[in-house]
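What follows is one structure encoded as structure tokens, with my remarks underneath.
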Amino acid sequence: MVNDKLLGSQLGSYVLVEILGHGAFGSVYLGKHFLLEHKPPVAVKVLNTTLNTQEEIDRFFQEAVILDKLTHPNILPVVDANLYEGYPFFVAEYAPGGSLRDRLDALNGSPMPLTDAMHILNQVGMALQHAHDLDIVHRDLKPANILFNTDGDAVLADFGIAIHVQRTRRVDEIGTPPYMSPEQFKGKISKKSDQYALGCVAYELLTGQQLFIADDPYTIGYKHIYEQPVLPSTLNPSIPPAIEEIILKALSKERDDRFENVADFVIALREALGLPMTESTPLPPLQSSLPLPSSMGNEYPSTNPSRPVQPEPPASRLGQPLDPHRTQAEDGVIRGPRPLRSPAQTPIANRAQLRPQTQNGGQNSARTVLAWSVTTGLDHTYYSEPAVLNSVVYAGTYTTNVDNPHKEANQLRALDALTGQQLWAVTTNYGIYDAPVVANGVVYVCTGNINLPGEIYAVDAASGEVRWSFPTDEFVKVRPTVTNDIVYAYPDHAVYALDTQSGREIWAVTVKAGLAHRPALASGHMYLITERGICYELDAFTGQKIETYADLGEILAAETTVTGINCLCFAEGELYALDMQKQQRIWTTRLDVQISGDLILKNGVAYIGSHGGFVGDSANTKLHAIDTASGKILWIAHLRHEIESAPVIADNNIVYVSTFGRELYAIDAQNGHILFTSKVGKGRINRPAAEQGMIFVSTGEMHALQIR
1 MVNDKLLGSQ
11 LGSYVLVEIL
21 GHGAFGSVYL
31 GKHFLLEHKP
41 PVAVKVLNTT
51 LNTQEEIDRF
61 FQEAVILDKL
71 THPNILPVVD
81 ANLYEGYPFF
91 VAEYAPGGSL
101 RDRLDALNGS
111 PMPLTDAMHI
121 LNQVGMALQH
131 AHDLDIVHRD
141 LKPANILFNT
151 DGDAVLADFG
161 IAIHVQRTRR
171 VDEIGTPPYM
181 SPEQFKGKIS
191 KKSDQYALGC
201 VAYELLTGQQ
211 LFIADDPYTI
221 GYKHIYEQPV
231 LPSTLNPSIP
241 PAIEEIILKA
251 LSKERDDRFE
261 NVADFVIALR
271 EALGLPMTES
281 TPLPPLQSSL
291 PLPSSMGNEY
301 PSTNPSRPVQ
311 PEPPASRLGQ
321 PLDPHRTQAE
331 DGVIRGPRPL
341 RSPAQTPIAN
351 RAQLRPQTQN
361 GGQNSARTVL
371 AWSVTTGLDH
381 TYYSEPAVLN
391 SVVYAGTYTT
401 NVDNPHKEAN
411 QLRALDALTG
421 QQLWAVTTNY
431 GIYDAPVVAN
441 GVVYVCTGNI
451 NLPGEIYAVD
461 AASGEVRWSF
471 PTDEFVKVRP
481 TVTNDIVYAY
491 PDHAVYALDT
501 QSGREIWAVT
511 VKAGLAHRPA
521 LASGHMYLIT
531 ERGICYELDA
541 FTGQKIETYA
551 DLGEILAAET
561 TVTGINCLCF
571 AEGELYALDM
581 QKQQRIWTTR
591 LDVQISGDLI
601 LKNGVAYIGS
611 HGGFVGDSAN
621 TKLHAIDTAS
631 GKILWIAHLR
641 HEIESAPVIA
651 DNNIVYVSTF
661 GRELYAIDAQ
671 NGHILFTSKV
681 GKGRINRPAA
691 EQGMIFVSTG
701 EMHALQIR
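Heads up: the sequence shown at position 110 corresponds to 110 in UniProt numbering, and the numbers run straight through without jumps.
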């Protein structure tokens with residue numbers, strides 16, 4: 001396979017001076033003319049498979065002659081094609097404006113303004129139609145292959161891979177799975193496959209999310225073939241119904257149900273918006289397509305070597321992921337783009353308030369910018385879920401090197417919410433895996449390692465002084481509950497009730513069968529469910545058993561009402577409210593899904609996630625908001641992946657939730673509209689914390705996002 005040893009080699013008339021990226025089919029290099037210094041730079045794509053027979057070589061040159069006929073202004077011109085030691089290569093004009101993938105990444109999960117998206121789709125669609133008129137099928141249309149020239153026009157690249165594609169059979173080598181048509185997964189490719197791919201691009205432009213996502217290409221193929229997509233208007237309610245209908249037609253499972261050709265698809269889009277049938281003024285290059293490091297693997301360059309690259313302004317780093325090449329200070333803090341003012345310096349009226357903001361015809365404009373990221377500073381040691389209060393982030397650490405841990409691997413730490421600087425740290429005997437709870441100036445946290453005992457700590461929130469600790473026979477992995485001057489902690493086989501001031505044990509009970517999940521508390525009553533499905537009602541102040549119940553299903557939460565206590569239960573696909581005094585159902589709501597994450601109650605509304613029961617079932621990954629008085633479903637937000645943990649309601653009725661797809665969602669609690677999604681860091685995203693227009697989330701590293 002061709003590798004970076006090609007740097008400095010001359011291919012045709014061009015010397016390869018820089019590697020610009022790697023793709024599935026080859027590598028792209030920046031080329032300079034070997035003799036004529038004033039010739040503009042070119043992009044040289046070298047395919048990664050040799051041509052070994054004369055038949056293959058002849059076909060390559062025949063295809064190159066055909067590609068030379070592509071003379072549309074929105075197709076990146078191929079200026080040369082040849083072989084180098086058996087490897088085919090193409091020389092194309094250089095497009096300095098970056099790719100559509102760059103621009104989508106900069107939008108960080110938010111939709112593109114409608115008029116900008118339509119302009120790009122029109123140009124790409126007309127380029128595809130020109131190719132189809134010459135009986136040339138692209139086969140791998142995707143945002144990474146849509147580039148922008150010096151005038152800001154979209155140009156379609158990478159037609160040359162058709163040669164390579166004809167000789168491969170693997171699913172992930174006949175295109176890019178998120179943009180492949182159902183028939184393409186079955187080995188049948190036609191011009192309408194390109195139309196379907198353009199429909200996938202249109203869907204992503206207008207919703208901010210790919211049509212289907214999964215962990216492997218075969219699952220994605222199953223979704224393209226059998227699953228119906230989430231309606232675009234569900235993800236972006238501002239999409240006009242006519243536009244949605246047109247996109248869904250292009251995404252039809254059967255080829256015959258799509259438009260007759262790509263031109264008809266594009267014309268339908270323009271007519272639906274009342275736009276003229278001629279191309280509009282080219283878009284200027286966006287800030288979001290400023291340079292990305294070549295190490296990020298873009299197939300085409302996004303820098304212009306003809307002039308020096310200027311530093312990216314902080315305002316354009318919208319939700320930029322952590323740069324692995326950014327230097328790290330000794331204190332573990334990886335600096336963000338700029339310092340932030342403290343809440344005390346910023347008048348409340350001027351602080352970022354997250355509301356559904358709209359511009360450009362209703363497109364969502366909520367964004368996040370990375371304020372700071374901090375590591376633990378130790379190998380194999382990570383931050384757990386955070387809590388935040390009064391501009392201080394509290395979070396524990398744990399290590400995966402449990403046999404030989406660093407002496408400071410297990411700690412409770414306090415970080416300045418505005419800078420990430422450590423304020424204090426308390427070393428604990430065991431790891432901390434869940435968020436601490438802050439109440440009345442004290443931080444309460446549970447610790448423990450598997451197959452070892454645990455310990456509960458109370459630490460002064462201001463100074464970090466340990467007020468008391470309480471050892472447990474079993475490790476305590478989940479966060480405690482603090483209410484009515486009692487700390488409740490939940491190992492797998494016990495419940496402890498401790499005095500908040502002294503740590504004195506008030507009562508403890510043993511649960512031989514094990515706890516199924518966190519007990520529910522309301523009005524001095526505790527309801528705990530065992531792994532065997534038995535529910536025990538306890539006096540929360542004394543630990544005395546009040547009643548035993550069977551066949552209630554899962555008790556997810558309890559709330560106090562004017563008539564007593566209602567428990568929210570889930571059994572056999574039904575969520576229901578049970579009057580615990582009368583043992584009567586008040587209402588029942590059929591969900592027909594599996595519950596994921598903990599249920600959270602806030603202001604008479606229950607927020608609960610769901611999934612379809614098997615990996616990759618994105619049609620049923622949802623967040624439900626349900627009125628606890630009536631059982632009415634107030635709204636449903638469709639998510640790409642299953643919810644990781646309990647939702648967080650903060651910042652003026654915004655619901656924050658993380659998923660197993662490493663996504664962080666912000667959802668309007670009033671109507672369920674998705675305000676934005678973010679991907680942070682490289683690891684699993686834990687349950688976030690939010691305060692004063694900032695979001696704090698751990699991926700092993702701790703990240704602070706400011707809402708803009």
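By construction, the Cβ of each residue, glycine as well, lies at the ideal position given by its N, Cα and C atoms.
Here S27 is bridged, per DSSP, to H22, V46. Within the segment 112-190, the runs of beta strand (DSSP E) at least 3 residues long that lie entirely inside it are, in chain order, 146-148, 154-156. Three or more beta-carbon pairs drawn from the segment 574-591 and the segment 622-633 are found closer than 8 Å, and the two stretches are therefore classed as touching. In the three-state DSSP reduction, G396 falls in the strand class (E or B).
P40 sits away from L30, with the two beta carbons spaced by 8 Å or more. Here the C-alpha atom of P241 lies approximately 8 Å from the C-alpha atom of S233.
DSSP, reduced to helix, strand and coil, places E408 outside both helices and strands of the structure shown, so it counts as coil. The Cβ atoms of G524 and F541 lie closer than 8 Å to each other. When secondary structure is reduced to three states using DSSP, P491 falls in the coil class, being assigned neither helix nor strand. In this structure D140 is in contact with T176, their Cβ atoms being roughly 6 Å apart against a cut-off of 8 Å. Under the three-state reduction of DSSP, I654 is assigned to strand.
Looking at the backbone, the Cα of R101 and that of L36 are separated by about 32 Å.
The continuous stretches of alpha helix (DSSP H) do not include R590, which lies in the beta strand (DSSP E) extending over residues 584-590. Between the segment 683-695 and the segment 115-122 there are fewer than three inter-stretch CB-CB distances shorter than 8 Å, so the stretches are not counted as touching. Sequence-distant partners of A489 (beyond 5 residues in either direction) whose C-beta falls short of 6 Å from its own C-beta, in its chain, are C446, I456, V476, P480, Y496. Counting only residues of its own chain and dropping the five nearest sequence neighbours on each side, T71 has no CB closer than 7 Å to any other CB. In this structure the segment 404-418 touches the segment 382-394; the number of beta carbon pairs closer than 8 Å is three or more. A direct Cα-Cα distance of roughly 42 Å separates S698 from L273. Taking S99 as reference, the option from I225, D153, S384, D379 with the minimal CA-CA separation is D153. By the neighbour-count criterion, in which a residue is buried when 16 or more other Cβ atoms sit within 10 angstroms of its Cβ, G573 is exposed.
Around the C-beta of Q544, fewer than 16 other C-beta atoms lie within 10 Å, and the residue is accordingly described as exposed. Distances from the alpha-carbon of I239 to those of E254, A558, A117, I220 put A117 closest. Listed as beta-bridge partners of C200 by DSSP are no residues whatsoever. Following the DSSP letters along the chain, one finds H638 inside the beta strand (DSSP E) bounded by residues 633-638.
In the three-state reduction of the DSSP assignment, P471 falls in the strand class. Residue range 87-93 is occupied by the beta strand (DSSP E) that includes E93. Taking a C-beta distance under 8 Å as the contact criterion, A494 and V478 do not qualify as a contact pair. When only Cα atoms are considered, M580 and C535 end up about 12 Å apart. In the structure shown, the three-state DSSP call for A669 is coil. In this chain, F259 is not harboured by any beta strand (DSSP E), its DSSP state being neither H nor E. Assignment of beta-bridge partners to M526 by DSSP yields L521, L538. A contact between stretches requires three or more CB pairs, one per stretch, nearer than 8 Å, and the segment 243-258 fails this requirement with the segment 126-145. The segment 213-247 contains no complete beta strand (DSSP E) run of 3 or more residues. Just measuring C-alpha positions, the residue of I213, N440, E465 sitting nearest N484 is N440. Taking 8 Å as the upper bound for CB-CB distance, A625 and W635 are in contact here, some 5 Å apart. The three-state reading of DSSP puts E56 in helix, counting H, G and I together.
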